[in-house]
Amino acid sequence: MPAPPRRRTALRQRLAELRGPDVPARPLDARALAALAANPGCSRRSLLDGAGVDKTVLAQSLGAPSGFGQSQFAFMRGNAFEARVKADGGAELLRLTHRFLGGGPEPVPGGSAVPDLAAAGPEGRAARTALALREATASDGWTLLDHPMLALDVAGTPAFLEPDAVVVHPDGGWTVVEIKSFPMIDGSADAAKVGAAARQSAVYALALEQVAARIEPAPEIHHHVLLVCPKDFSNLPTASAIDVRKQLSVTRRQLARLTRVEDIAAELPEGTTFDVRRPAAELTAAVEAVPAAYAPECLSACELAFHCRARAREQGEVTALGRSIRGELGGLTSIDDVLSAASGATGDPDDPAVATLRRAAELRAEALAGEAAACH
Amino acid sequence: MSLIDGLARLEAVSTGRAQPRATARHRHLSQRPLVLVPLTTAGEAGAPLGALVGTERTSPRLLVVPQPRDRDLRFAFLSELAEIVLPYVDSFAGDVEAAERSETDPETSKRVKVEVELCADAPQLIVPSRAGIEFVRLLGRSMRFRRTAEQDPDAPYPAPPRVPLLGRWLTHFGERARVPGSSLLLAMTELLSRHWATGQSSLEDQHLGALLAWIEAPEGTSGAEAAFRAELARDEAGQLLCPPAGPATDPAFDNTLLAPAMERYDRARSALAAAEDGVAADVGLAALTAAEQEIHALIDSRTRPTWDAVWRGLDALCTLPVAAHDADRWTRDRWSFTGHRDRVVAGEPPQPRVDDAVTAANKLATREREQSRLEAQEALDDPLVMAGRRLAGEAFAGEVTEVVMAYSEAKSPRPRPLVTVRTDDRPHLGERTKVYRALGGKPQTAEFVAYEGEGVVVLRLTDKMGRGKEPDPGSVPEKGDRICWTLFEHEQRGGPKLPDPEETPWTHGGPPAETAERPDPVTAEDTL
Chain L
1 MPAPPRRRTA
11 LRQRLAELRG
21 PDVPARPLDA
31 RALAALAANP
41 GCSRRSLLDG
51 AGVDKTVLAQ
61 SLGAPSGFGQ
71 SQFAFMRGNA
81 FEARVKADGG
91 AELLRLTHRF
101 LGGGPEPVPG
111 GSAVPDLAAA
121 GPEGRAARTA
131 LALREATASD
141 GWTLLDHPML
151 ALDVAGTPAF
161 LEPDAVVVHP
171 DGGWTVVEIK
181 SFPMIDGSAD
191 AAKVGAAARQ
201 SAVYALALEQ
211 VAARIEPAPE
221 IHHHVLLVCP
231 KDFSNLPTAS
241 AIDVRKQLSV
251 TRRQLARLTR
261 VEDIAAELPE
271 GTTFDVRRPA
281 AELTAAVEAV
291 PAAYAPECLS
301 ACELAFHCRA
311 RAREQGEVTA
321 LGRSIRGELG
331 GLTSIDDVLS
341 AASGATGDPD
351 DPAVATLRRA
361 AELRAEALAG
371 EAAACH
Chain D
1 MSLIDGLARL
11 EAVSTGRAQP
21 RATARHRHLS
31 QRPLVLVPLT
41 TAGEAGAPLG
51 ALVGTERTSP
61 RLLVVPQPRD
71 RDLRFAFLSE
81 LAEIVLPYVD
91 SFAGDVEAAE
101 RSETDPETSK
111 RVKVEVELCA
121 DAPQLIVPSR
131 AGIEFVRLLG
141 RSMRFRRTAE
151 QDPDAPYPAP
161 PRVPLLGRWL
171 THFGERARVP
181 GSSLLLAMTE
191 LLSRHWATGQ
201 SSLEDQHLGA
211 LLAWIEAPEG
221 TSGAEAAFRA
231 ELARDEAGQL
241 LCPPAGPATD
251 PAFDNTLLAP
261 AMERYDRARS
271 ALAAAEDGVA
281 ADVGLAALTA
291 AEQEIHALID
301 SRTRPTWDAV
311 WRGLDALCTL
321 PVAAHDADRW
331 TRDRWSFTGH
341 RDRVVAGEPP
351 QPRVDDAVTA
361 ANKLATRERE
371 QSRLEAQEAL
381 DDPLVMAGRR
391 LAGEAFAGEV
401 TEVVMAYSEA
411 KSPRPRPLVT
421 VRTDDRPHLG
431 ERTKVYRALG
441 GKPQTAEFVA
451 YEGEGVVVLR
461 LTDKMGRGKE
471 PDPGSVPEKG
481 DRICWTLFEH
491 EQRGGPKLPD
501 PEETPWTHGG
511 PPAETAERPD
521 PVTAEDTL
């Protein structure tokens with residue numbers, strides 16, 4: 001249920017304060033969406049992404065710059081490929097959509113609509129997109145929406161998303177299109193990259209659902225997204241329809257369970273700000289005021305990961321070594337606690353986690369000392 | 001990760017140095033491995049940028065593609081790579097020993113022994129990381145369907161000779177690397193993290209420099225700090241001090257060093273092409289050579305640290321004693337190598353793009369069997385690995401406290417002695433659960449009879465005691481022996497036999513098509 005207007009305005013104002021005066025909010029990009037999937041329980045990530053803080057610059061100011069960067073070769077190739085796929089009014093893209101997902105007669109080159117979605121600001125673009133979607137659904141031809149802007153309610157704040165393309169079929173159905181430049185070789189691509197693309201597309205499909213809900217009758221949003229990649233070692237596009245029902249339900253559940261950003265913001269001391277123009281010490285204190293849940297998976301998804309990792313290591317958190325280790329240790333969360341329990345100095349011997357740990361330490365010591373029974 | 005390995009990581013954090021995860025070396029290392037440190041162009045599929053390759057630590061060959069978007073330059077690189085890899089592979093093909101293999105006689109359909117050749121040793125490729133293995137596969141796939149001018153005079157953009165053959169070999173190496181315990185193609189990060197636990201997560205262990213920093217940290221220094229430096233430290237120009245092991249390069253390197261150098265190279269090339277007289281051509285050629293040298297130096301500077309790291313990793317691994325079952329697994333690799341050598345010699349077509357149903361099922365069954373075999377062999381060879389299995393309740397060690405002779409109730413009674421073992425372990429034993437122990441390299445089976453109190457297990461021996469009424473000497477444990485029993489089998493049985501590919505039933509797509517795979521279609525522009 002959307003928050004009452006006054007509370008909404010108050011929250012928006014609060015988030016603007018956190019971001020700093022006259023700093024525009026950053027839309028949720030692919031990496032932020034990956035971070036959301038990798039670590040939904042992290043309040044720090046939730047708040048910073050919700051407020052639209054530029055985490056790359058923030059990490060830089062904290063003295064732990066993120067390792068993310070894009071090679072200009074990859075960047076150029078990605079752009080060139082996307083342009084190639086969308087060339088000629090999206091003829092090739094629509095042909096692929098029709099081939100893999102149907103939804104109407106074969107598109108005629110030049111006979112499909114590509115509405116202009118330009119407008120001022122993300123809100124304006126989102127409104128323009130919603131209008132274009134409504135018009136396209138009413139028409140009975142193919143429509144390609146190039147880089148539409150969608151709004152999605154994430155933890156109580158509107159987040160703006162920009163999919164590569166959305167296709168409206170003549171039968172009124174909508175399909176999310178994701179264009180990636182990793183190759184599809186002999187019909188298969190890197191599973192990790194396809195998984196990331198599917199999670200990302202699922203978020204776009206969720207955002208489309210919110211637009212569709214305001215149209216009567218609500219148009220159908222396809223549960224298959226179209227992933228377009230270069231074929232083999234060439235630069236010709238090929239595509240595959242990916243079923244994202246699972247990712248949709250996972251993302252929906254994660255979004256529903258997120259601690260509301262306003263609750264996290266309410267816990268902060270008065271005057272806290274993540275304005276990157278503030279001195280480093282102040283920023284560090286501000287970031288520390290929001291609890292993080294660091295795990296090694298963050299390294300590939302979040303710009304602040306190196307900062308959080310340094311803190312987790314300082315505090316000797318077991319999770320810094322991997323979530324699977326943490327799972328085996330019951331209530332022991334710090335490395336010192338675990339090692340002292342293993343050596344028998346502390347810990348309750350009746351706790352099964354402690355007992356297993358001690359047995360493991362004994363067996364390991366015995367094997368390393370070479371006293372173990374030879375197996376021959 | 002098992003608790004015992006997790007504990008090793010925690011110890012590594014508290015001591016600041018990597019801790020052993022194994023007391024023996026569980027992967028075969030060749031006397032003369034071929035180390036390959038490849039780099040790839042970001043964004044392009046299978047467009048190599050350069051590589052350091054060789055069998056001599058002090059004198060690797062540097063191969064460079066100054067402009068990866070140029071098909072001819074890429075072909076030149078692959079051709080040079082073939083001239084290094086193929087002679088290395090061939091050097092193992094000639095030295096053979098006689099071996100026997102059982103085959104089904106097509107006429108009598110009985111299993112008969114056939115005398116065949118088995119290569120006495122096999123080549124071994126070592127790449128820095130898991131991504132390197134994937135890159136070898138990708139290179140193999142990109143080359144094996146290429147046609148040379150000799151094979152097909154009409155082929156557009158014919159590949160240099162030997163390049164398709166290199167593709168077939170790299171495909172074979174890449175395919176074999178998916179079999180657990182195989183050692184034809186190994187990644188150094190996986191080798192090291194199999195044998196040592198560091199104080200960082202397994203994700204961070206994929207950085208060869210950081211992993212090695214933990215392992216090499218001298219007594220009294222902090223491996224954590226060294227690993228942190230290896231991972232993130234940059235020089236004043238913003239370049240990583242320890243470049244990533246690749247094949248992907250650091251974006252900062254691409255953007256600030258490589259891209260401008262490539263641009264200069266492109267400019268020099270077009271200037272040379274536009275030269276109108278001899279003097280201008282000389283000047284142009286000099287500029288082109290200089291630009292090429294600059295790229296060579298850049299690629300060398302990014303691959304050399306990784307090259308050294310791979311060899312230092314080999315040094316570290318050589319300090320471990322060889323595991324007892326290493327030779328057994330390497331023999332399987334030799335069979336795999338000999339098999340592919342024979343297929344190439346017999347003129348068989350390259351490996352298909354997608355396996356037929358029977359081949360795919362066979363491959364999957366092999367991987368599953370080798371996985372179980374590897375797990376069993378590692379545990380038998382290494383008390384530290386066995387400790388993990390004991391903790392998991394899959395094995396138990398203990399002292400024999402009593403042996404009572406007993407016999408089966410068959411017409412001619414067989415010895416079935418009852419052995420009582422006292423153990424501190426907590427094995428998952430159910431009624432008549434089979435347990436195994438190694439007896440002269442062969443497994444002896446016993447079955448669980450009953451518990452006689454806390455940690456006292458009674459077992460009944462059921463085999464390997466000879467044919468007589470009295471068990472053979474030494475085949476029955478004696479009081480006071482310390483023995484390790486496992487609940488898992490020591491040797492793996494083969495699965496059910498599958499039909500020949502030609503006999504594939506229609507339910508599985510029918511027999512594979514007879515026609516050879518077509519080469520990939522080529523376009524005038526194959527890059528973006």
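These protein sequence lines map, in sequence, to chains L and D.
Here full-length UniProt numbering is used: the first sequence runs in plain steps of one and ends on residue 376.
Here full-length UniProt numbering is used: the second sequence runs in plain steps of one and ends on residue 528.
Positions of the beta carbon are idealized from the N, C-alpha and C atoms, including for glycine.
Model, not experiment: these values are computed from the prediction.
Buried or exposed (CB count within 10 angstroms, at least 16 for buried), residue i
i	result
Arg137(D)	buried
Arg188(D)	First, the residue type needs correcting, since residue 188(D) is Met and not Arg in the sequence shown. When all chains shown are included, Met188(D) counts as buried.
Tyr265(D)	buried
Glu219(D)	exposed
Pro473(D)	exposed
Met386(D)	buried
Asp282(D)	exposed
Leu363(L)	buried
Ala8(D)	buried
Pro24(L)	exposed
Trp169(D)	buried
Residue j beta carbon less than 8 Å from that of residue i
i	j	result
Gly393(D)	Arg426(D)	yes
Leu96(L)	Ala51(L)	no
Arg147(D)	Pro158(D)	yes
Ala226(D)	Gln19(D)	no
Ala210(D)	Glu204(D)	yes
Leu36(L)	Gln247(L)	no
Glu106(L)	His98(L)	yes
Backbone secondary structure at residue i - three-state DSSP
i	result
Leu101(L)	helix
Gln254(L)	helix
Glu162(L)	coil
Val206(D)	The residue asked about is misnamed: residue 206(D) is Gln in this sequence, not Val. DSSP places Gln206(D) in helix when its eight states are reduced to three.
Ile264(L)	helix
Cys298(L)	helix
Ser334(L)	strand
Ala25(L)	coil
Arg111(D)	strand
Glu270(L)	coil
Tyr451(D)	strand
Glu134(D)	helix
Ala507(D)	Per the sequence presented here, residue 507(D) reads as Thr, with Ala not at that position. The answer is helix: DSSP assigns Thr507(D) an H, G or I state.
Phe233(L)	coil
His307(L)	helix
Thr319(L)	helix
Met184(L)	strand
Heavy atom of the ligand ADP within 7 Å of residue i beta-carbon
i	result
Leu364(D)	With respect to the ligand ADP, the structure shown offers nothing to examine, as it has no ligands at all.
Partners in chain A for residue i, counting only beta-carbon separations shorter than 7 Å
i	result
Ala37(L)	Among the protein chains of the structure shown, namely L and D, there is no chain A.
With 9 Å as the C-beta to C-beta threshold (strictly closer), list the residues of the segment 274-303 of chain L near chain D in chain order. Ala295, Pro296, Glu297, Leu299, Ser300
In the segment 13-94 of chain D, which residue ranges form an unbroken beta strand (DSSP E) of at least 3 residues, counting only runs that do not cross its ends? Fully enclosed beta strand (DSSP E) runs of 3 or longer: 34-40, 48-54, 61-64.
Output, in sequence order along the chain, the residues in the segment 212-236 of chain L whose CB is closer than 8 Å to any CB in chain D. Close to chain D, meaning a Cβ-Cβ distance shorter than 8 Å, are the following residues of the segment 212-236 of chain L: Pro230, Asp232, Phe233, Ser234, Asn235, Leu236.
Residues within the segment 333-346 of chain L neighbouring chain D, beta-carbon criterion of under 7 Å: Ile335, Val338, Leu339, Ala342
Just list the alpha helix (DSSP H) runs in the segment 171-221 of chain D, keeping only unbroken ones of 4 residues or longer that don't cross its boundaries, in chain order. If only uninterrupted alpha helix (DSSP H) runs of at least 4 residues are considered, those enclosed by the segment 171-221 of chain D are 188-195, 208-216.
Check each residue of the segment 158-184 of chain L: if its Cβ is closer than 9 Å to any Cβ of chain D, include it; give the result in chain order. Ser181, Phe182, Pro183
Taking a cut of 7 Å between CB atoms, which residues from the segment 154-185 of chain D lie near chain L? none
Near-chain D residues of the segment 241-265 of chain L (beta-carbon distance less than 9 Å), N- to C-terminal order: none
Interfacial residues, the segment 208-235 of chain D to chain L, with Cβ spacing under 8 Å: Ala224, Leu232
Alpha helix (DSSP H) runs contained entirely in the segment 286-374 of chain D, provided each spans 4 or more residues: Listed in chain order, the alpha helix (DSSP H) runs fully inside the segment 286-374 of chain D are 326-345, counting runs of at least 4 residues.
Unbroken beta strand (DSSP E) runs of length 3 or more, entirely within the segment 39-103 of chain L: which are they? none
Residues of the segment 289-320 of chain D in Cβ contact with chain L at a cutoff of 8 Å, in chain order, please. none
What residues in the segment 367-390 of chain D have a beta carbon less than 9 Å from any beta carbon of chain L? Ala379, Leu380, Asp381, Asp382, Pro383, Leu384, Val385, Met386, Ala387, Gly388, Arg390
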